[in-house]
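K.L.:
Sending over a structure as structure tokens; questions will come in a sec.
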Amino acid sequence: MNKSDRAGVARRGHAAPSLKTSSLSPERAAARIVVRKYGGQTRAVIQILQDLQERLRWLAPEALEAVALELKMPPAHVYSVATFYKSFSLAPRGRHICTVCMGTACHVRGGATVLEHFERKLGLRAGETSRDREVTLERVNCLGACALAPLAVIDGQYHGQMSEAKADKVLEPILRAGGPAPDAGSGPEDGEAP
Amino acid sequence: MSCGAFAFKDALVAEIARRGLQDEALVVATGCNGFCERGPILLVHPDGVFYQRLSSADVPLLVEEHLVKGRPVPRLMYVPPEGGLPVPKMADIEFFKHQRLIVLRNRGRIDPEKIEEYIAYDGYEGASKALGRMTPEEIVAEVSEAGLRGRGGAGFPTGRKWDLCRREPGSPKYLICNGDEGDPGAFMDRSVLEADPHAVLEGMIIGAKAIGAARGFIYIRDEYPLAVSRIGIALGQAREMGLLGRDILGTGFDFDLEIVRGAGAFVSGEETALIASIEGQRAYPRQRPPYPAQSGLWGRPTVINNVETWANVPSIIRRGAAWFSSLGTETSKGTKIFSLVGKINNTGLVEVPMGIRLRDIVYAVGGGIPQGRDFKAVQIGGPSGGCIPKALLDLPIDYESLTQAGAMMGSGGMIVMDEDTCMVDIALYFLRFTQEESCGKCSPCRIGTRQMAEILARITAGEGSLEDLEKLEALAATVKRGSLCGLGQTAPNPVLSTLRYFRDEYLAHIVDRVCPAGVCKSLIRFTIDPEKCVGCLLCLKACPVKAISGERKKVHVIDQDACIRCGACLVACPAKVRAVIKHTGGKAGASREGATAPKDA
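Keeping their order, the protein sequence lines are chains A and B.
Start counting the first sequence at 6; every next residue gets the next number (the working numbering).
Start counting the second sequence at 1011; every next residue gets the next number (the working numbering).
Below, the structure is given as structure tokens:
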């Protein structure tokens, strides 16, 4: 905890915290805005972390500590919540998010094969982010769009009835935009010009 | 929605405006119609013509032919999977014929973002009756007499739960709507929240009056952003109209609601865990009793019901207990929504009377199994449920008979499986799921599910032994007995029910080292029939790991060491060639060709 953090806590003892966030670290400034939105209620810590993750893409240690300070809550509690729930990412996430659904309906229609194909194509295991932080590959238990099984979501766009060929097509823009280089074995065919 | 309905709607509105028809045709964006697989869907009133699988490119033709010239477009209508003529009217489509809509009565009919449309179809009539003309005792009695039982899992009588909470001396009291629909394969709660959010709100207002609560919470899982947004809009409109907040409808009754978003933990669907989550804690379940009705949120008496349960309440109050209990069976009243998914022709959400036979759901409503394949089982109740085999197709669907058959109503996910689904693989799938989602509080659940998953993985790898089956059964008993909450107590069900009905498949994996369904990768392999291969290079190009060698017009060969058994070559091989063969085990001749081609093609 540095000096300015302490000052922040002390100040809030008397009056509402300053809304001037220019002198704060980006995480602390974001945390202060979000905490204010929830009236500083400690019970809203899960919602606060969700909003913060939306702003910062992932929850760095600095962000978690900032929430603890703003809520006057032990950092251990913030960490316990952040590590318990799956929607929180404590590692950096990429600019593009690819999510493959592993719900039961997707499973019986070949979801596992689809995920394997994404893993090969992106050179990432589920849960990993490429080193250049371009792409994150995630798996989810069920998105509740079972009629479209097997399903993958790329940057918020739902792509149903996913197959290997279809995956190649939807991943193409990401891979072409300088995403992670696929490993040698799974590259697109040579000379496959459009 | 996911299939591009918003783009279609925009195109339709633009085309209608371009033709100057905006005074004659009104485009209403409704919630899910239920026939999910056929989206985007357009229903043209007053004729009731049903168009499906539309795209923006169909808009000019549709507007020109149907709206301008009054000639419906058969090309865009529904054709039954068995073939035949297009069916123009929604009411004549088999999928809709057998359904009875109570909870989903407004689906495909109203714009869920407009409270006026909800009100126009008798919305908030139940709330105004309950608040204005009924005592809390009368409301509880009505719900009890209706025989409504919890739609989220165990099926506890809703009226009794309310009565318990109403009699508790503690105050304040709270209401919770459990919208943490975590069972994979179930999405009816999402659909209700998205298609008819005011029904949930109205149910909760009535419940609040019954138990004397001033505050309530709607807990919605984070994976459902549209549901969160629609409930938010509905809350704002209800407050503006004086249906929430202080002095509701001038009756002096105060009640308000708040949205809480879940954060991706399956266990938080368990009621005590969900309460902990609202309090800002980790979602750990706790010992019951005391039940939430006695000591729930912040230690206060709390009623917690699932989305579908709440959405049933307005109709019960409006139309009366006698009407509601006339539907269904002796012990299970009303209707139930099922999400019919997997290997089924008509995928989607169906609301049917309790007591309907499984056969009618699968064959009449669901239209049977695609590509003429054989029905094998229906998995009901998610990770807590079990598989119902073909022999029990005439089972009436109610709480008791499902439990007896080793499954469970759960939230109503129905995953249909055909001969290409391996039951051992399904058991492994669910055990991996519960093992991953176990919160870890109880050792039998945390360690037991892991051990069970490892044994199942061994069996699917062809390395199981007969003792493994006994071990699985012993572990299952321990996990059930030694776990605090529903997650652990029911986690072994998928294994127990598949062992009960499909023991022969386990034995095939263990004794013969064969996966009869051709799913388990260690037990299958692909080869190319040199007699049939025409050397077209298609499989070679499709192979993601370049395990196939060959040249144009020359027979291709699969390198078995490099092959990852993904089956891409089988899909790629043209139907008229069918040179790729899938072998389902070591036995000679135990193979089946062209698993993706229709049997009767």
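The C-beta atom is built at its ideal place from N, Cα and C for all residues, glycine as well.
(1) Check for me: the alpha helix (DSSP H) holding Glu1268(B) runs from which residue to which?
(2) Using DSSP with H/G/I as helix, E/B as strand and the rest coil, what is Asp173(A)?
(3) Provide the residue(s) that pair with Thr1537(B) in DSSP beta bridges, ordered along the chain.
(4) When the distance is taken between beta carbons, is Met1424(B) closer than 9 Å to Val1388(B)?
(5) Pull out every residue of the region 1185-1198 of chain B whose Cβ sits closer than 8 Å to any Cβ of chain A, in chain order.
(6) Which chain B residues sit within Cβ distance under 7 Å of Ser92(A)?
(7) Between which two residues does the alpha helix (DSSP H) carrying Gln52(A) extend?
(8) Please report the residue range of the beta strand (DSSP E) in which Gly1458(B) lies.
(9) What's the call for Arg16(A), buried or exposed, on a 16-neighbour Cβ count within 10 Å?
(10) To be precise: take each residue of the region 51-76 of chain A, compare its Cβ to all Cβ atoms of chain B, and keep it if any distance is under 8 Å. Which residues remain?
(11) Considering Gln162(A), what are the terminal residues of the beta strand (DSSP E) in which it resides?
(12) For Arg98(A), decide whether its Cβ has a neighbour in chain B, counting only Cβ atoms nearer than 9 Å.
(13) DSSP has Leu1053(B) in a bridge; who is on the other side?
(14) Apply the 10 Å Cβ neighbour rule to Phe1016(B) and answer buried if 16 or more other Cβ atoms are within range, or exposed otherwise.
(15) Over what stretch of residues does the alpha helix (DSSP H) that includes Asp1514(B) continue unbroken?
(16) Do you know whose CA, among Arg1460(B), Gly1136(B), Met1433(B), lies nearest Cys1525(B)'s CA?
(17) Okay, do the region 1386-1401 of chain B and the region 1189-1209 of chain B touch, 3+ Cβ pairs below 8 Å being the bar?
(18) Quick one: what's Arg1385(B) bridged to in DSSP?
(19) Using a Cβ-Cβ cut-off of 9 Å, state whether Lys126(A) counts as contacting chain B.
(20) From Gly1163(B) to Ile1371(B), what distance separates their C-alpha atoms?
(21) Would you say Val1323(B) and Glu1250(B) are within 9 Å of each other, going by their C-beta atoms?
(22) For the region 1128-1186 of chain B, list the beta strand (DSSP E) runs that are entirely contained and at least 3 residues long, ordered along the chain.
(23) Does the beta carbon of Val175(A) sit closer than 9 Å to a beta carbon anywhere in chain B?
(24) Give the C-beta separation of Ala1137(B) and Ile1216(B) to the nearest angstrom, bearing in mind that I take them to be a contact with Cβ-Cβ under 8 Å.
(25) Return the CA-CA distance between Ala1582(B) and Gly1058(B), expressed in angstroms with no decimal places.
(26) By how many angstroms is the C-alpha of Gly1255(B) removed from the C-alpha of Gly1617(B)?
(27) Where do the N-terminal and C-terminal ends of the beta strand (DSSP E) with Phe1348(B) fall, by residue?
(28) Is the shortest distance between the beta-carbon of Arg1360(B) and the beta-carbons of chain A less than 9 Å?
(29) Hey, is Met167(A)'s beta-carbon within less than 9 Å of any beta-carbon in chain B?
(30) Closest by CA to Phe1263(B), which one among Gln1109(B), Met1198(B), Gly1290(B), Met1144(B)?
(31) Which residues in chain A sit within 7 Å of Ser1287(B), going by Cβ to Cβ distance?
(32) From Ala1027(B) to Leu1071(B), what does the alpha carbon distance come to, in whole angstroms?
P.N.:
Reading it off the structure:
(1) Not the alpha helix (DSSP H): Glu1268(B) falls in the beta strand (DSSP E), residues 1263-1271.
(2) helix
(3) Ile1591(B)
(4) yes
(5) Glu1191, Gly1192, Asp1193, Pro1194, Gly1195, Ala1196, Phe1197
(6) Within 7 Å Cβ-Cβ: Asp1232, Ala1273, Gly1274.
(7) 50-61
(8) Run containing Gly1458(B): none in the beta strand (DSSP E); it sits in the alpha helix (DSSP H), 1453-1470.
(9) At Arg16(A), the pLDDT of 40 sits below 50, so the modelled position is not reliable; the number obtained from the coordinates is stated separately. Label assigned to Arg16(A): exposed.
(10) Ile51, Gln52, Leu54, Gln55
(11) 162-164
(12) no
(13) Phe1060(B)
(14) exposed
(15) 1513-1517
(16) Met1433(B)
(17) Touching, per the Cβ criterion.
(18) Contrary to the premise, residue 1385(B) reads as Phe rather than Arg in this sequence. Bridge partners of Phe1385(B): Asp1428(B).
(19) yes
(20) 20 Å
(21) Taking 9 Å as the Cβ cut-off, Val1323(B) and Glu1250(B) do not qualify as a contacting pair.
(22) none
(23) no
(24) 6 Å
(25) Ala1582(B) and Gly1058(B) have their alpha carbons spaced roughly 41 Å apart.
(26) The structure shown does not extend to residue 1617(B), since chain B is modelled only from 1011 to 1611, so the question has no answer here.
(27) 1345-1352
(28) Reading off the sequence, residue 1360(B) comes out as Val, not Arg. No, Val1360(B) lies away from the interface with chain A (no Cβ there is under 9 Å from its Cβ).
(29) no
(30) Met1144(B)
(31) Ile51
(32) 15 Å
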